[in-house]
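Under my numbering, the first residue of the sequence shown is numbered 38, with each subsequent residue one higher.
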Amino acid sequence: MIILWSVLILAGLGILFGLGLAIAEKVFYVKEDTRVEDITKILPNANCGACGFAGCHAYAEAIVNGEAESCNMCKPGMKMNKAEEIRKYLDSHPNDDGTINPIKVK
Ligand code: SF4
C-alpha cells in the first residue's frame with residue numbers, strides 16, 4: 038500500500054510541476070526578432086568590437102532596432118560589402134508595422 042501511495046504522490050507532483058512549467062512558458066514567453074539572428078549571420082562574426090558595439094550580435098540588434106547610425110559600421114564587413122547585403126535584407130524584412138528602419142548604407 039505504501040508503494041502505491043508513493044507512486045501516486047510522485048505522479049501527482051510530476052503532473053503539478055509539468056503544469057507549472059507549461060504555464061510559466063506561456064506567461065514568460067519573450068518574442069524574439071528573428072532578423073537579429075539573420076543579420077548576425079550576415080556579419081563576419083569576428084566579434085572584434087570595431088563597430089563600437091559589444092559584438093556582432095549587439096550590432097545586429099542595434100541595426101534592427103534602428104539604433105545604429107549606419108549598416109556600414111562593421112570594419113571587416115566593409116571589404117565584403119556586407120552593408121549592401123544588410124540593407125537588402127532589411128528592405129525585404131520590414132518591421133511588424135510594415136515600416137523599414139531608415140538606416141544609412143554609407
Ligand atoms: S566590427 Fe563587424 S565583426 Fe567586429 S564586432 Fe562589429 S559587426 Fe562584428
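Note that CB positions come from ideal geometry on N, CA and C, so glycine has one too.
When only Cα atoms are considered, V73 and E106 end up about 16 Å apart. In this model, M115 and P131 are separated by some 23 Å (Cα to Cα). In the three-state scheme derived from DSSP, where H, G and I count as helix and E and B as strand, K68 is classed as coil. Burial state of A97 is buried, judged by a 10 Å Cβ sphere holding 16 or more other Cβ atoms. Looking at the DSSP output, S107 shares a beta bridge with K141. Membership of G114 in the alpha helix (DSSP H) is indicated by the continuous run 112-115.
Per DSSP, reduced to three states, the secondary structure at H130 is coil, with no helix or strand assignment.
Across the set C111, I140, N118, D134, the C-alpha of I140 shows the shortest separation from the C-alpha of L127.
By alpha-carbon distance to C111, the top candidate from N84, F54, L45 is N84. Straight across, the Cα-Cα distance linking M38 with H94 is about 57 Å.
Here G92 carries a coil assignment [DSSP, helix/strand/coil].
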